[in-house]
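Colleague: The structure is given below, and queries will be raised subsequently.
In full-length UniProt numbering, the protein residues as written are 1 to 185.
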């Protein structure tokens, strides 16, 4: 561990944070990409993956429509419409599943503050304060500027590294983490 973390007597404070649905979706899509790296595709230029998918399908439909008008087979239009509707329903289902999972997990919607020290971390949420030793976490995963603190397979706290209160830094907080957690970065 760096000496800065050892010499620090005050805990690293993280301002109250609540995860928005868009951030929740982005975090879990990044985790999905990490789980299945063979399926990884280049990140879109826009932060909104739905916009890119809609643009791609609009291009496919336009090209298919142009081709069908040129060739005049009426069955091709039906297949294009069916494929487009099926894709739209699939995307809508995926969005709905993320939204349902987000709404069922009150932990990510509630404002949560943290105070980290060498022994572990204090989590304050809904007026309740709880201390976790670092070893109690099932998993600690960095995702972008977020640190996901899993207390079990199905529950985690979302710590926003951008909300660390001065004079502390994200590096000081990372130095407090067990070696296994920082190796995942």
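Glycine residues also receive a C-beta, built at the ideal position from the N, C-alpha and C atoms. Treat the numbers as computed from the prediction; the structure is a model and nothing was measured.
Between which residues of its own chain and residue 126 is the CB-CB distance below 6 Å, once the five residues before and five after are set aside?
Modeller: What you label residue 126 is simply residue 126 of the chain shown in a count that begins at 1. Within the same chain, residue 126 has close Cβ partners 110.
Colleague: Indicate the three-state DSSP secondary structure (helix, strand or coil) for residue 129 in the structure shown.
Modeller: Reading the chain shown from its first residue, position 129 is the one you call residue 129. If DSSP states are grouped into helix, strand and coil, residue 129 belongs with the strands.
Colleague: Taking 7 Å as the cut-off, does the CB of residue 134 come closer than this to any heavy atom belonging to the ligand NAP?
Modeller: Absence of the ligand NAP is noted for the structure shown, with no ligands found whatsoever.
Colleague: Could you check what DSSP says for residue 141 in three-state terms: helix, strand or coil?
Modeller: Along the chain shown, one-based indexing puts residue 141 at 141. Three-state result, residue 141: strand.
Colleague: Could you give the residue range of the beta strand (DSSP E) that holds residue 13?
Modeller: Taking the chain shown and counting its residues from 1, one reaches residue 13 at position 13. Counting along the chain, the beta strand (DSSP E) containing residue 13 begins and ends at 12-17.
Colleague: Skipping 5 residues on each side, what residues in its chain have a beta carbon closer than 7 Å to that of residue 62?
Modeller: Taking the chain shown and counting its residues from 1, one reaches residue 62 at position 62. Correct list: empty, nothing qualifies.
Colleague: Report back the beta-carbon spacing between residue 98 and residue 145 to the nearest angstrom; my notes put them in contact at under 8 Å.
Modeller: Here residue 98 refers to the residue found at position 98 when the chain shown is read from its first residue. Here residue 145 refers to the residue found at position 145 when the chain shown is read from its first residue. Actually they are not in contact, since the Cβ atoms of residue 98 and residue 145 sit about 20 Å apart, beyond 8 Å.
Colleague: Do residue 176 and residue 116 come within 8 Å of each other at the CB atom, strictly closer than that value?
Modeller: Walking along the chain shown from the start, residue 116 turns up at place 116. Walking along the chain shown from the start, residue 176 turns up at place 176. In this structure, residue 176 lies closer than 8 Å to residue 116 by Cβ.
Colleague: So, at 7 Å on beta carbons, what are the nonlocal neighbours of residue 133 in its own chain, with the 5 sequence-adjacent residues on each side left out?
Modeller: One-based indexing of the chain shown puts residue 133 at position 133. Setting aside the 5 residues that flank it on each side, residue 133 is surrounded in the same chain by 119 and 120, each with a C-beta closer than 7 Å to its C-beta; the list follows chain order.
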